[in-house]
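In mature numbering (1 follows the signal peptide of the UniProt record, and there is no 0), the protein residues as written are -30 to -1, 1 to 336.
Here it is in structure tokens:
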């Protein structure tokens, strides 16, 4: 019996072309190196993090490639830790591996996307890395050598390795990507339909959503660069000189420079001053100025101390979400630095003012 003709010549040609295309794509994937596969898998997350935190995507990808062995290290596979970040004050799950010492504690993440986010925060909220955010996002060399200078790695060749990775794989192209570029990539990307793939897509899209929200907040607050990234934390956290007339209630005392932190006016104390004398100068009750600064009546006032003239806020300024301690600070000093009420810091962090802050402790500010 003669078989019926179901397909036209054009249809057959299309099917053959599609099959050839799929075979070519499969061959290309098979021929990809682990490094290229890593870049393709994670560049969207790196770009999202760039817009959320300000860390250039090229630096994030290069560090991830180097630190995780292109995602194939035991730490990356078992603990989803792509950047070798150790436990410090980590309250999540932990994994133990031999590194500089035997059985060192490393952070274990529920998914790799959380590792990328933690890496961005690790850099943005530590004082020793904050000056890097003053660099242009295209200055990957400045970032690479700045990381080494700030103590990120002990290997003297670390910055050279990062630069070589960036230039070998052209990672700097991702520094000019927009959030729209990665939205388009998400729409055409196929990562499979199994449970792990669906979870990965959800995590990636969540990071992209957070990046868009952070970008909107930064623009609204006037804290974004022309390229749409958040301003440098150095600039955001710097005290702002107050112009005459900005605070009418203190206009009579503007012969002395006043500053503002988190929209709270303050002055720096000078030799011989007390809280009481500053209160008189600014027509405040002594009880008010003590309360504004979370100090007792017998508190010593050293020269150069920040003295607030109004009540501090219940949380820090926008984009100042947390502070990673260098060690040696008190909760009160952090309260004064960021103009956040001491009681608010105690509540947000579940500690009291006597808490001994250790190096790498994360203090939530908003």
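For every residue, glycine included, the Cβ atom is placed at its ideal position computed from N, Cα and C.
When the Cα atoms are used, residue 242 and residue 274 turn out to be separated by approximately 11 Å.
Between the beta-carbon of residue 262 and that of residue 278 there is about 5 Å, and that keeps the pair under the 8 Å contact cut.
Just so you know, the alpha carbons of residue 329 and residue 59 end up roughly 8 Å apart. For residue 74, the enclosing beta strand (DSSP E) begins and ends at 74 to 77. Residue 305 counts as buried, since no fewer than 16 other beta carbons sit within 10 angstroms of its beta carbon. Closest option to residue 321, judged by alpha-carbon separation, among 309, 300, 308, 135: 300. In terms of Cβ geometry, residue 209 and residue 94 do not form a close pair [threshold 8 Å]. Runs of the alpha helix (DSSP H) spanning 4 or more residues and lying entirely within the segment 243 to 302 occur at 245 to 251, 256 to 262, in chain order. Rounded to the nearest whole angstrom, the CA to CA distance from residue 92 to residue 258 is 37 Å. Assignment of beta-bridge partners to residue 230 by DSSP yields 210, 235.
Remark: C-beta atoms of residue 271 and residue 251 do not approach each other more closely than 8 Å. Its chain contains 145 as the residues whose beta carbon lies nearer than 6 Å to that of residue 108, once the 5 sequence neighbours on both sides are disregarded; these appear in chain order. By the criterion of at least three beta-carbon pairs nearer than 8 Å, the segment 125 to 133 is not in contact with the segment 5 to 14. Distances from the CA of residue 49 to each of 240, 84, 31, 29 were compared; the closest alpha carbon is that of 84. A direct Cα-Cα distance of roughly 40 Å separates residue 212 from residue 55.
With distances taken between CA atoms, residue 53 lies nearest to 77 out of 311, 63, 77, 186.
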